[in-house]
Structure formats: C-alpha cells, structure tokens
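Enquirer:
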Amino acid sequence: MAREISFEFNGNPMKMRVEDHWTLLHLIREELGYTGTKEGCGSGECGACTVLVDNRAVNSCLYLAVEIDGKDVLTIEGLASSDGTLHPIQQSFVDNGGIQCGFCSPGMILSAKALLDESPNATEEEIRDAIAGNLCRCTGYVQIIDSIKSVSGHESKEPRVVAWKTEETNGGD
Amino acid sequence: MKNFTYLLPRTLDEAISMHASHGEGAKYVAGGTDVLVKINEGKLSPDYLISLRHIIGQDRPFLNQETGELYIGAFVTHRAIEKSPLVQANYPILHDAIKNIGSVQIRNVATIGGNLVNAVPSADGAIPLITLDASVNIYGAKGQRSMELLRFFLGPGQCDLERGEILTEIVIPPQLPHTGSAYVKHGRREAMELPMLGVGVLLSLEEDLRTCAKARICLGVAAPTPIRAMGAEQRLVGKIIDENTLAEAGTIAGEESRVRDSIRGVAWYRREMVAVLVKRMGFKALERAERRAR
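Residue numbers (the working numbering), protein chains in the order written: chain S, 1 to 173; chain W, 174 to 467.
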C-alpha cells in the first residue's frame, strides 16, 4: 500500500507518496537520491545509516519511511550551511583526522550531533556511549573520539597528538 | 523488503480487532528493531504489520503516588526508561540493564514490551524487572489479565501470550524500605552485544542496615528462560549480609543455574561466574541500600 506523508527533510517541508514497506534508508537514498547516508549491515548493527528523526539518532535501515510522517529528518547533507561552511563537528573531524575511508563518518557525525545538542559538555564516557552503535572498520576510534571531544565544552586543554602531526605544527598550515 | 500493509491503530481495541480480521498474515510491531530484521532475513513474512507505536499514553514510566507502583507502558522506548529521572533515582537496577541494551539508535526506537515478548533467554530487560517482582498486564479480545513477569516466559522465544493478545504494561510494586538492587551484564564487550550472563540482585535490609529482610536473585542466560535462584535467596534472608553469606548465596545460585555451552561461553565458566557476580552485585545492592538510608 502507498500513502502520502508530510515531513521536513534537512529543513525543507516535503510531501511524498511512500510505500508501506519502504525503509527510511530506501526513501533517502533511492527515492530522494541523497547518498551521504550509507547502508552497511542493514540490520541495525553498524550505524552507517544513522540519521536524526526529531533530533534522535536512529538506524534508518530499521525505520519505516511511513513513520516519519509529521517529523523532521536530518541527514549528513543537512549539516553544512548553504554557503558550504562545514558544521563545527564536521570541521573537527577534518581537523582531527576523524575521517579515514569515510563510510562511517556521516553516521558518526550525526550520532555526535544528537549527543552534543542534548549535552553540549559531554564527557568522553558519554561520547563513547553515544557512538557505541557506530562501527568504524578502519578502527580510527581514537581520532573520532578526539574530534567529538574537541567540539564538546568538556574538552581538556592537553596537547593532542593527531595521526600525522602534533598540535604545535598546526599553526603553519 | 517484502511488501506489506502497515496499519496504525490509535487504541488497543482497534489494534486487536485489526489483528482478528487479518488472521494469520497479521503481526504486531512496536519499535520494529527485531521484526524488520526478521522480515529482511525472510524469517517473518507478514501481509499486515499492526503498529503499536501510536497507542496513546505510552511516552514514559510513571509512578502511581497512592499505591507506590511504577507503571511502564509496554511501548515505552528503552531510551525513555534510561533517561527517566524516576528510574535513575529509584530503580537503579533497571538503569544498569537498559543503558547497555543495543545502541542509542536501537534504544531510541526499541520498546521494553518488544524486548519482553521476544522472550530470548538473554532478555536484558527482563532480569531487573523480575528482580523487582514486576508483573505484566495483557490485553486481548477476552479482556485484561495480569501475571507475574517470571511466569510470563515459557521457553526460548515463547511467552504466555495467546493469539491476538498484547502485552500492554509492566507494573513494579513499591519497594520495602532500605532496598538496594543492581544488575550486571557479563560479556566480552558492553555495547551491541548480547550477554553471556545477566545477574540481578535485590536486597531489602532491616533497620540495622545489615540483616537481610528480603532477597531476590535473578539470572539471565542461565536457563532457557529467566530464572530466580530461590535457594540462594532463602539462604540470605535473616542473615547478616557480608562476604561469607554473599559467597554462599553465589555458590548456591551457581548450582541452581541450568547453564549450558553456547557460542558466547561454556557452562562451567558461566556457573563460576554466577557465583562471582551474585556476590559482586550483592555488595553493590548493599551499598546502594546503605546510601539511600543516609
């Protein structure tokens, strides 16, 4: 069966006919064509398909598209400003080496955003809990956690060693 | 995914009549984090999914001030329970368990009722609730009934629900004064993992804050369904809670468990860990009871 739903997609009000059995992931990638949201496992284990629905992180592969009726959906494409300026969390992932192959990054960044919107001073433990459902197969977790920590108000001011450079050399780039 | 029609009832009666009229092809769904995976894997192929998400009044746990009972709607998400100040302050054992179920993404949609009706031996949600003497309310075409949660589980994947019935609510009775409780999920990692073993301990103390007035010891993955180690509980009642009595209770609980070898761990190790973890959770429950008394 198909039905018409209304929702906000990255800030834009939309009306669409959706099939009952479509997942939100299918709607985003195949129907709307936004491919920043990734499909990894398709069973809620990896978090690559994480998007925010009413500011809460969900696995879009296990969320039916019809359920976003009346809700706000945010994907990674909705984070940067229209002039291309990155969201502070995105910029921090770039600055801190939080991105390797990039497949987990959209999900990681959205999980981090949901956390920091709710607790701007999140501790490392809260950060680890928030991204526990996002797997990084490059295993670059240390840099990912650093990236999120440096946007959180809880950040410590100790010098950080980033994968390929120390903080002292940062000024010269 | 397989094609199906998604139905969105607003009341329990509406949901039950939809289920009755669509017969074999109908399946209830709440958060969907298990049902949708099973549909993807071809283990379920319903023609109609009846969503219980939009039934009214299911957003958070609430305390009945007159009776002291805590009511948790079955379609309340794990995240809502985890974030509930009421649960954090008064039912820490529930918080211990819920915060490590799945991931934030899963807890944001998966419901406590869904966790219970799946009736897997590892059901993390069930152990603390049984430790707290919870009962469940069930609603169907024949009306409402309630039962102890412990009796609700019949076997792996099987619970005491008749066709078309819905688990609607979990009720936790008021706790005795000087009560502390704690749960631990034992496994290789904390998040995104089913437990190798789950152990919940509740202790209610006499006025001296040392003598045990009531004990509950509940084990997950130690038998085909959640079980209470009643011999171990009996051993504690009337005794001073200390290293020796908790160690004794742990050993008895290990003997009472019906652990087996599985991919997550072998039986002898599980049995030894029951003893260790009962003692450890006993101390944590004691500490929490003492802290509340101060």
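Glycine included, each C-beta is placed from N, C-alpha and C at the ideal position. This structure is a prediction, so every number in the text was calculated from the model and none was measured.
Taking buried to mean at least 16 other C-beta atoms within 10 Å of its own C-beta, is Asn417/W buried or exposed?
Expert: Looking up residue 417/W in the second sequence gives position 244. It is exposed - the Cβ of Asn417/W has fewer than 16 other Cβ atoms within 10 Å.
Enquirer: Hey, is Phe456/W's beta-carbon within less than 8 Å of any beta-carbon in chain S?
Expert: Translated into positions along the second sequence, residue 456/W becomes position 283. No, its Cβ sits nowhere closer than 8 Å to a Cβ of chain S.
Enquirer: Could you tell me which chain W residues have their CB closer than 9 Å to the CB of Met1/S, listed as they occur along the chain?
Expert: Start at 1 with the first residue of the first sequence, and residue 1/S comes out as number 1. Correct list: Asn176, Phe177, Thr178 and Tyr179.
Enquirer: Quick one: what does DSSP say Asp146/S is sitting in, helix, strand or coil?
Expert: Looking up residue 146/S in the first sequence gives position 146. It is helical.
Enquirer: Please determine, among Gly404/W, Arg361/W, Asn237/W and Val277/W, the residue with the shortest C-alpha to C-alpha distance to Leu259/W.
Expert: Along the second sequence, one-based indexing puts residue 259/W at 86. Nearest option by C-alpha distance: Asn237/W.
Enquirer: How many angstroms separate the CA atom of Gly42/S from the CA atom of Thr284/W?
Expert: Walking along the first sequence from the start, residue 42/S turns up at place 42. Walking along the second sequence from the start, residue 284/W turns up at place 111. C-alpha separation (whole angstroms): 20 Å.
Enquirer: At a cut of 8 Å, does the segment 45-59 of chain S reach the segment 113-121 of chain S through at least three beta carbon pairs?
Expert: Taking 8 Å as the limit for Cβ pairs, the verdict is that the segment 113-121 of chain S does touch the segment 45-59 of chain S.
Enquirer: Counting only beta-carbon separations shorter than 8 Å, does Ser276/W have a partner in chain S?
Expert: Stepping through the second sequence from its first residue, residue 276/W is reached at position 103. With 8 Å as the cut-off, Ser276/W counts as an interface residue toward chain S.
Enquirer: Can you say whether Cys138/S is buried or exposed, counting buried as having 16 or more other CB atoms within 10 angstroms of its CB?
Expert: The sequence position of residue 138/S within the first sequence is 138, counting from 1. Classification for Cys138/S: exposed.
Enquirer: Looking at the C-beta of Met320/W, does it have a partner C-beta in chain S at a distance below 8 Å?
Expert: As a first step, residue 320/W is located in the second sequence; it is residue number 147 there, counting from the start. Answer no: the Cβ-Cβ gap between Met320/W and chain S never drops below 8 Å.
Enquirer: Nearest CA to the CA of Ala405/W: which residue from Ala422/W, Phe235/W and Ala262/W?
Expert: Translated into positions along the second sequence, residue 405/W becomes position 232. It is Ala422/W.
Enquirer: Starting from Asp20/S, find everything on chain W with Cβ-Cβ shorter than 7 Å and list it in chain order.
Expert: Along the first sequence, one-based indexing puts residue 20/S at 20. Correct list: Phe177, Thr178 and Tyr179.
Enquirer: Using the rule of at least 16 other Cβ atoms within 10 Å of the residue's Cβ for burial, across every protein chain shown, is Cys101/S buried or exposed?
Expert: Locating residue 101/S in the first sequence gives position 101, counting from the first residue. Its Cβ having fewer than 16 others within 10 Å, Cys101/S is exposed.
Enquirer: Of all the options Ile89/S, Met14/S and Ala132/S, which has the alpha carbon lying nearest to the alpha carbon of Gly153/S?
Expert: Residue numbering aside, residue 153/S sits at position 153 when the first sequence is read from its first letter. Ranking Ile89/S, Met14/S and Ala132/S by Cα distance to Gly153/S puts Ile89/S first.
Enquirer: Give the list of continuous alpha helix (DSSP H) stretches no shorter than 4 residues that lie fully inside the segment 393-426 of chain W.
Expert: List check, alpha helix (DSSP H) in window: 403-409.
Enquirer: What does Val51/S pair with, by DSSP beta-bridge criteria?
Expert: Residue numbering aside, residue 51/S sits at position 51 when the first sequence is read from its first letter. For Val51/S, which the question treats as bridged, DSSP gives the partners Val58/S.
Enquirer: What residues from chain S crowd round Asn281/W, counting only those whose CB sits closer than 7 Å?
Expert: Here residue 281/W corresponds to residue number 108 of the second sequence, with the count starting at 1. Ordered by position in chain S, the residues that pass the 7 Å Cβ test against Asn281/W are Arg56, Ala57 and Val58.
Enquirer: Which of the three DSSP states, helix, strand or coil, is assigned to Gly373/W?
Expert: By one-based count along the second sequence, residue 373/W stands at place 200. DSSP places Gly373/W in strand when its eight states are reduced to three.
Enquirer: What residues from the segment 197-215 of chain W come within 7 Å of chain S, judged by C-beta to C-beta, listed N to C?
Expert: The segment 197-215 of chain W vs chain S, Cβ under 7 Å: Gly205, Thr206, Leu209, Val210 and Asn213.
Enquirer: Is the separation between the beta-carbon of Tyr221/W and that of Gly198/W shorter than 8 Å?
Expert: Residue numbering aside, residue 221/W sits at position 48 when the second sequence is read from its first letter. Residue numbering aside, residue 198/W sits at position 25 when the second sequence is read from its first letter. Their beta carbons are under 8 Å apart, which means Tyr221/W touches Gly198/W by this criterion.
Enquirer: Over what stretch of residues does the alpha helix (DSSP H) that includes Lys256/W continue unbroken?
Expert: Counted from its first residue, the second sequence places residue 256/W at position 83. Element bounds for Lys256/W: His251 to Lys256.
Enquirer: Using Cβ-Cβ distances below 8 Å, what residues of the segment 347-364 of chain W are close to chain S?
Expert: If the cut-off is 8 Å between Cβ atoms, the segment 347-364 of chain W has Glu363 and Ala364 near chain S.
Enquirer: Bridge partners of Pro13/S, per DSSP?
Expert: Within the first sequence, residue 13/S is the residue found at index 13, counting from 1. Paired residue(s): Glu8/S.
Enquirer: Using C-beta distances below 8 Å, list every residue in its chain close to Met1/S, excluding the 5 sequence neighbours before and after it, in chain order.
Expert: What you label residue 1/S is simply residue 1 of the first sequence in a count that begins at 1. Result list for Met1/S: Glu19 and Asp20, in chain order.
Enquirer: Interface residues of chain W around Glu45/S at Cβ under 7 Å?
Expert: Position 45 of the first sequence, counting from 1, holds the residue named residue 45/S. Within 7 Å Cβ-Cβ: Met365.
Enquirer: Taking Cβ-Cβ distances shorter than 9 Å, what residues in chain W pair up with Ser111/S?
Expert: Here residue 111/S refers to the residue found at position 111 of the first sequence. Ordered by position in chain W, the residues that pass the 9 Å Cβ test against Ser111/S are Ser276, Val277 and Gln278.
Enquirer: Does any C-beta atom of chain W lie closer than 8 Å to the C-beta of Ala132/S?
Expert: Along the first sequence, read from residue 1 onward, the residue named residue 132/S stands at position 132. At least one chain W Cβ lies under 8 Å of Ala132/S.
Enquirer: Helix, strand or coil: how does DSSP classify Tyr179/W here?
Expert: Locating residue 179/W in the second sequence gives position 6, counting from the first residue. In the structure shown, Tyr179/W sits in a strand (DSSP, three-state: E or B).
Enquirer: Should the segment 304-317 of chain W be called in touch with the segment 344-355 of chain W, which here means at least 3 C-beta pairs below 8 Å?
Expert: Because the criterion of three Cβ pairs below 8 Å is met, the segment 304-317 of chain W and the segment 344-355 of chain W touch.
Enquirer: Go through its chain and collect everything with a Cβ distance to Gly176/S's Cβ below 6 Å, but skip five positions before and after it.
Expert: No answer is possible for residue 176/S: the residues shown for chain S start at 1 and end at 173.
Enquirer: With a threshold of 8 Å between beta-carbons, can Gly42/S be considered close to chain W, or not?
Expert: Within the first sequence, residue 42/S is the residue found at index 42, counting from 1. Yes, Gly42/S counts as interfacial toward chain W.
Enquirer: So if DSSP puts Cys391/W in a beta bridge, which residue, or which two residues, is it bridged to?
Expert: Working through the second sequence from its first residue, we reach residue 391/W at position 218. BP columns for Cys391/W point to Gly373/W and Arg401/W.
Enquirer: From Thr341/W to Phe248/W, what distance separates their C-alpha atoms?
Expert: On the second sequence, residue 341/W is found 168 positions in, with the first residue counted as 1. On the second sequence, residue 248/W is found 75 positions in, with the first residue counted as 1. Rounded to the nearest angstrom, the two C-alpha atoms are 8 Å apart.
Enquirer: Return yes when the Cβ of Gly44/S is within less than 8 Å of the Cβ of Leu27/S, no when it is not.
Expert: The count along the first sequence starts at 1 and reaches residue 27/S at position 27. The count along the first sequence starts at 1 and reaches residue 44/S at position 44. It is not a contact, given that the beta carbons lie outside the stated cut-off.
Enquirer: For Ala448/W, I'd like the list of residues in its chain whose CB is within less than 8 Å of its CB, leaving aside the five on either flank, ordered along the chain.
Expert: Taking the first residue of the second sequence as position 1, residue 448/W is located at position 275. If we look at Ala448/W and ignore the five residues flanking it on each side, its Cβ neighbours are Ala420, Gly423, Thr424, Ala426 and Gly427.
Enquirer: Taking just the CA atoms, how far does Ser194/W sit from Asn134/S?
Expert: Reading the first sequence from its first residue, position 134 is the one you call residue 134/S. Reading the second sequence from its first residue, position 21 is the one you call residue 194/W. Each residue's alpha carbon lies about 41 Å from the other.
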